[in-house]
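Just so we're aligned, residue 43 is where the sequence shown starts under the numbering used here, counting upward by one.
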Amino acid sequence: MTTATARAGETIDAICWRELGRTRDVTEQVLALNPGLAALGPALPAGTTVILPEVAQIAPALRETVNLWD
């Protein structure tokens with residue numbers, strides 16, 4: 043597992059974006075991996091260690107597409 047350290051006032055979403063380049067479906071996994079993290083509030087204290095999911099564990103986002111010419 044990868045860990046990240048929160049900067050002052052940083053949110054979980056911001057950490058996910060900074061470290062993993064995405065937030066969709068990741069924030070929920072981070073909260074599951076870090077019991078009690080939500081109790082710290084939306085802005086984390088500086089120095090909070092956050093366990094991040096492995097990139098391979100993150101399911102790729104599926105996007106439904108429509109072909110206009112079919």
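Ideal Cβ positions, reconstructed from N, Cα and C, are used throughout, including at glycine.
Alpha-carbon to alpha-carbon, residue j and residue i
i: LEU73; j: TRP111; result: 43 Å
i: PRO87; j: GLU96; result: 23 Å
i: LEU80; j: THR107; result: First, the residue type needs correcting, since residue 80 is Ala and not Leu in the sequence shown. Taking the straight line joining both Cα atoms gives about 35 Å.
i: ARG105; j: VAL68; result: 16 Å
i: LEU62; j: MET43; result: 13 Å
According to DSSP, residues forming a beta bridge with residue i
i: ILE93; result: THR45
Simplified DSSP state of residue i, which is helix, strand or coil
i: LEU79; result: coil
i: ALA85; result: coil
i: GLU61; result: helix
i: GLU70; result: helix
i: ALA50; result: coil
6 Å Cβ shell around residue i - same chain, five flanking residues per side excluded
i: THR65; result: ASP55, CYS58, TRP59
Whole-number beta carbon distance between residue j and residue i, since they are thought to touch under 8 Å
i: ILE93; j: THR45; result: 6 Å
i: PRO84; j: THR53; result: 6 Å
Residues of its chain near residue i, where Cβ-Cβ distance is below 7 Å and the 5 sequence neighbours each way are ignored
i: ALA50; result: ALA88
Residues near residue i by beta carbon distance below 8 Å, same chain, minus five either side
i: LEU82; result: THR90
i: LEU75; result: MET43, ILE93, LEU94, PRO95
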